[in-house]
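Under the working numbering, the first residue of the sequence shown is numbered 821, with each subsequent residue one higher. For each residue, glycine too, the CB sits at the ideal point set by N, CA and C. One structure is given here, and the rest of the page talks about it.
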Amino acid sequence: VDLREITGPRGSRPRPACARPLDTAPSDSHHESTCKYEVCILIQDHVKEDATMTWADPRQLVERAQAGGYAVGAFNMHSDETAQALVRAAEKAESPVFLQIGRAIVPHMGVRAAAELTRRAAAESDAELVLHLDHGPYEEVLEAIQLGFGSIMYDGAHLPFEENIRTTRHVVQVAHSTYALVGGEDL
């Protein structure tokens, strides 16, 4: 299925078609041609919707940039001040931005607190912004999906090659069920 054909209006989060429950290990046997899970309750029922703002559709931003021959900036947040500065810069430049939560901040405050910090900075902005998890391990990626991140960089580079492929495949299935974009590290 081409996800672009079934995405809802900007900011909407449709019900996922299939995803493995979060408390079980990924395996190739879970997803057969017809999966026994119709929806993933653990993901869908806990996806964070932003009541105060609408995040930009990352797929549309990337497609517009490709067609227009330009790049969309992606910048890591380190504090309230850097988050606010990046949001204001995006507004002033009238340019979309990926607000990245990554290794510089997550070990100190966790994914949820970093996402809340970023949401506060972006709450009243009319800039096109995407909340992105940068180089997250498996557990953080699943948490970010539950929190409604629009874009994910899964980093399984520390895993054996075949396990990295298997877990990346699973992350893609779960993330796409909420229409988040995914990148994988060292595949």
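Looking at the unbroken beta strand (DSSP E) that takes in residue i, where does it start and where does it end?
{"i": "PHE918", "result": "917 to 921"}
{"i": "ALA894", "result": "893 to 896"}
{"i": "GLY1003", "result": "1001 to 1004"}
{"i": "LEU967", "result": "Taken as a continuous stretch (DSSP letters only), LEU967 belongs to no beta strand (DSSP E), as it is neither H nor E."}
{"i": "GLY956", "result": "949 to 956"}
Kindly indicate which residue of the options has the alpha-carbon position closest to the one of residue i.
{"i": "LEU951", "options": "GLU959, ALA942, TYR958, PRO957", "result": "ALA942"}
{"i": "VAL917", "options": "GLU936, GLY930, GLY1004, ARG884", "result": "ARG884"}
{"i": "THR998", "options": "GLY968, ALA977, GLU914", "result": "GLY968"}
{"i": "TRP875", "options": "ARG939, ILE985, VAL892", "result": "ARG939"}
{"i": "VAL1010", "options": "ILE965, HIS978, ASP1006", "result": "Nothing about residue 1010 can be reported from this structure: the residues present for the chain run from 821 to 1007 only."}
{"i": "LEU816", "options": "PRO927, ALA947, MET929", "result": "Residue 816 is absent from the model: the chain starts at 821 and stops at 1007."}
{"i": "VAL907", "options": "ARG986, GLU963, LEU949, THR987", "result": "LEU949"}
{"i": "ASN896", "options": "ALA913, VAL926, LEU979", "result": "VAL926"}
{"i": "ALA894", "options": "ARG986, LEU881, PRO980", "result": "LEU881"}
Can you have a look at residue i and say buried or exposed, based on whether 16 or more other CB atoms are within 10 angstroms of its CB?
{"i": "GLY889", "result": "exposed"}
{"i": "GLU960", "result": "buried"}
{"i": "GLU982", "result": "exposed"}
{"i": "GLN993", "result": "buried"}
{"i": "ALA977", "result": "exposed"}
{"i": "ALA891", "result": "exposed"}
{"i": "ASP954", "result": "buried"}
{"i": "GLU944", "result": "exposed"}
{"i": "ALA1000", "result": "buried"}
{"i": "ALA887", "result": "exposed"}
{"i": "ALA903", "result": "buried"}
{"i": "ASP900", "result": "exposed"}
{"i": "THR987", "result": "buried"}
{"i": "ASP1006", "result": "exposed"}
Report the CB separation of residue i from residue j in whole angstroms; it is logged as a contact under 8 Å.
{"i": "LEU924", "j": "HIS898", "result": "Inspection of the sequence shows that residue 924 is occupied by Ala rather than by Leu. Correct: roughly 5 Å between the Cβ atoms."}
How about residue i and residue j: are their beta carbons less than 8 Å apart?
{"i": "ALA995", "j": "ILE972", "result": "yes"}
{"i": "PRO878", "j": "GLY970", "result": "yes"}
{"i": "VAL931", "j": "GLU963", "result": "yes"}
Could you pull the start and end residues of the alpha helix (DSSP H) that residue i belongs to?
{"i": "ASP900", "result": "900 to 913"}
{"i": "ILE985", "result": "981 to 996"}
{"i": "MET929", "result": "926 to 942"}
{"i": "GLY888", "result": "878 to 888"}
Against chain D, with Cβ distances strictly below 8 Å, would residue i count as a contact?
{"i": "TYR999", "result": "In the displayed structure, chain D is absent; only one protein chain is listed."}
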